[in-house]
Amino acid sequence: MKIKDKLNPVQINTHEPPALQKNLREMADQGVDCCVMEVSCQGLDMSRVIGCRFKVGIFTNLTQDHIDYHKDFEKYKEAKGLLFSRLGDNSSDKNKSYAVLNADDPASAYFSKIASAEVITYGIDNKADVSVKNIIMGAGGISFKAETFKGEIDIHLKLIGRFNIYNTLAAITAALLEGISLESIRDSLKQLDSVQGRMESVDAGQPFSVLVDYAHTPDALQNVLTTLKEVAEGRVITVFGCGGDRDPDKRPIMGSIAGAFSDYVVITSDNPRTEEPSKITAQIAEGINDSKYQCNLDRKAAIETAIKMAQPKDIVLIAGKGHETYQIIGDQTTYFDDKEAATAILKNIS
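For the sequence shown, counting from 1, position 256 maps to 256 in full-length UniProt numbering; every step adds exactly one.
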C-alpha cells in the first residue's frame, strides 16, 4: 500500500474495516484526494468495505480462483458482484458512481444487470464505450489507438501483452471519469514501467530474457504464456508451482496450460503450506501429456535449472509468486524473492 511516497507492506488485499478506515484517514490527513484500491471477493463477502463509497468500480475478468473459499464459480461471481450492486444511489451528480466493465468477459452481463450505477464498458473484440484499433504488439511494447467517449488518442506502452491493453483501457476509462484529459493520460502511460512482479524483467546482461510474473491462476498463466509465444524468437521455458491448501482442481489445468504454451516446464513448489509438496507437483504434472517437463521441489534450484537451460533469444518465465517475498512451507514463512534468486543465479553463471 502506497500513500504518497511511502510504501507500506501488506499481507492481504482488503483489510478489515478498522485497519482500512485508519489507512483512508491517514490518506485524507495527508491531502490525498483519490484512492485506487483492489477489493477482493473475500473482502466483499466479509463486508470489509461496507461504509466505503466508491465512485468507480472496475471489473477486469472472472476466472477460476478462490474456489476453496466460495465453493463454486457462481458463488464466486456473486461475491464479485457485490462491488457493483453496492456502488451508489446516483441520486445526484455529487453521488454519481460508475461500473466500468470489460465487454469481452461474459460475466459483465451479470454485473451490468445488478449494478446500482451507470455502466460504462471497455473492450477489444466486442462493441464498447472505450475500445481500441490499430494494435501493434512487439517485444518492446504495444501501440494502439484508443477510441473513447472523449475522443481518440494514440497510446504507446513499454508493457507487453494483450491483457495490458485491457488494463490500460480500464485505467483510461477511470481517469476520464475523474476529469483527466486524454493528453495527460497519453503522456503518463508513455512513462509507465512494468509493475513489480508483473512481466518484470530480470536483466544481468544475459542473451536471453528472464521474466517474473504473479500469474497463479489458469487464466493468468495462459494470458502470460500466449503473450510470450507471440513475441518469442526462441523457446519459452516456464517455472511454476501451485499453492497448497488451495483449490487443488486447478493444478492439472495449469499443468496442461504450461505444457501447451511452453517448450519446457520446470514444476516446483510455490507456497505448499501444510500439503506435501511432491503431491502438489504430481497433480500439476497430470495435466502435461508429454515428457517436456521435470519436477524440482527446491524453488531456487528449479529457477537455476531453467536459466542454465536457456539459449540466446529464449524466454524464461518464473510464474506464480511475482512480487511476493516469502515462501510458506508447513507452518514456517521464510524469505524468498523470485527476482532476487534469478539475479543471483544469472550473476553466478555469467
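No residue lacks a Cβ here, since even glycine has one placed at the ideal position from N, Cα and C.
The stretch 206–217 and the stretch 47–56 do not touch, with fewer than 3 CB-CB distances between them shorter than 8 Å. Per the C-alpha coordinates, the member of Gly287, Ala128 and Thr238 positioned closest to Met254 is Gly287.
Scanning its chain for C-beta atoms nearer than 7 Å, with the 5 sequence neighbours on each side dropped, one finds around Gln30 the residues Ile3 and Lys4, in chain order. DSSP, read as helix, strand or coil, puts Gln42 in helix. The residue from Leu157, Ala171, Pro248 and Arg162 with its alpha-carbon nearest to that of Thr148 is Ala171. DSSP places Lys145 in the uninterrupted beta strand (DSSP E) bounded by Gly141 to Thr148. When the beta-carbon positions are compared, Val239 and Ala306 come within less than 9 Å of each other. Counting only residues of its own chain and dropping the five nearest sequence neighbours on each side, Glu16 has a CB closer than 7 Å to the CB of Arg48.
Within the same chain, Gly243, Gly244, Gln327 and Ile328 come within 7 Å of Asn271 by CB-CB distance, once the 5 residues on both sides are set aside.
Residue state for Leu317 is assigned as strand, using DSSP reduced to three classes. Pairing Tyr110 with Cys35, the inter-Cα distance amounts to about 26 Å. Residue environment: Glu304 is assigned as buried (16 or more neighbouring CB atoms within 10 Å of its CB, all protein chains considered). Unbroken beta strand (DSSP E) runs of no fewer than 3 residues, entirely contained in the stretch 101–182, are found at 118–122, 131–138, 141–148 and 151–157, following chain order. Residue range Pro218 to Val231 is occupied by the alpha helix (DSSP H) that includes Val224. Contact between Val202 and Ala342 holds, with the beta-carbon distance rounding to 5 Å and staying under 8 Å. Bridge partners of Arg273 according to DSSP: Ile329. In the DSSP annotation of this structure, Ile50 is not part of any beta strand (DSSP E), being labelled neither H nor E. Bridge pairing for Glu200: Val212 [DSSP]. In this structure, DSSP gives Thr60 a state outside helix and strand, which the three-state scheme calls coil.
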